[in-house]
Amino acid sequence: MKKYLLFLPYLFLSGCNDYANTANYHFAENQNSCAFIFYDVEGAAPLIIKDKTVEYNFDANNTITTSSPHDFSLNKINRGYRTHNYFLADGSKLEFEEEPAFFTGSKVVHGKERIYNLFNFNSSEECFSNDIDEDDEIIRELFENIYKN
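With mature numbering (1 follows the signal peptide of the UniProt record, and there is no 0) as the guide, the letters of the sequence shown map in order to residues -20 to -1, 1 to 129.
Encoded structure:
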């Protein structure tokens, strides 16, 4: 009987986890080869887990700004997603021969490190030019516009 009493708290606590098994990514109709997720953006909507699924709805520029922290998935998601689904904004499903490349990067803006994720879901195209200085300037301006404070 004592064994069962010790096991009950585990069952209760494990049933309370708020985690997701599925990530649905909804890209803009005018998709290009890249999409960004910017975290800790003041005033932006948080990411939400509903029915064990996180919906990532990209804007017309294939960008998401969220007030959620960059480690949202590490805090709330049980060892990552098991299923990744990719859609266009109209709901049509995107199929890829290979899983899209997913990168995490950071940049210091206004003295604070800002984390972002980058999708390259068309491996035949590059997200940036071959000029690293030009790319760095584009990224810097993008960050400055998103993190205005």
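Each residue gets a CB set at the ideal place from its N, CA and C atoms; glycine is no exception.
Can you pull the DSSP bridge partners for G85? For G85, which the question treats as bridged, DSSP gives the partners Y96.
Where I57 falls, given that 16 or more other Cβ within 10 Å makes a residue buried: Interpretation of I57 is limited by its pLDDT of 48, a score under 50 that renders its predicted location unreliable; no figure is taken from the coordinates.
Cross-strand partners of F16 (DSSP beta bridge): Answer is T43 and L98, bridged to F16.
Let's test the definition: count the other Cβ atoms within 10 Å of the Cβ of A25 and tell me whether it reaches 16, buried, or not, exposed. The residue in question, A25, is exposed, as its Cβ has fewer than 16 Cβ neighbours within 10 Å.
DSSP state of K56 mapped onto helix, strand, coil: Low local confidence applies: a pLDDT of 48 at K56 is under 50, so the model's placement there is unreliable, with the coordinate-based value given in what follows. In the structure shown, K56 sits in a helix (DSSP, three-state: H, G or I).
Reference T63, options E114, S47 and E35, closest by Cα: Nearest option by C-alpha distance: E35.
How big is the Cα-Cα spacing for S48 and Y127? Distance from the CA of S48 to the CA of Y127, rounded to the nearest whole angstrom, comes to 14 Å.
Closest by CA to D116, which one among G91, K92, H90 and S86? The candidate whose alpha carbon is nearest that of D116 is S86.
Cβ neighbour criterion (16 or more within 10 Å) applied to I17: Classification of I17: buried, given that the 10 Å Cβ count is 16 or more.
Three-state class that DSSP yields for L68 in the structure shown: The answer is strand: DSSP assigns L68 an E or B state.
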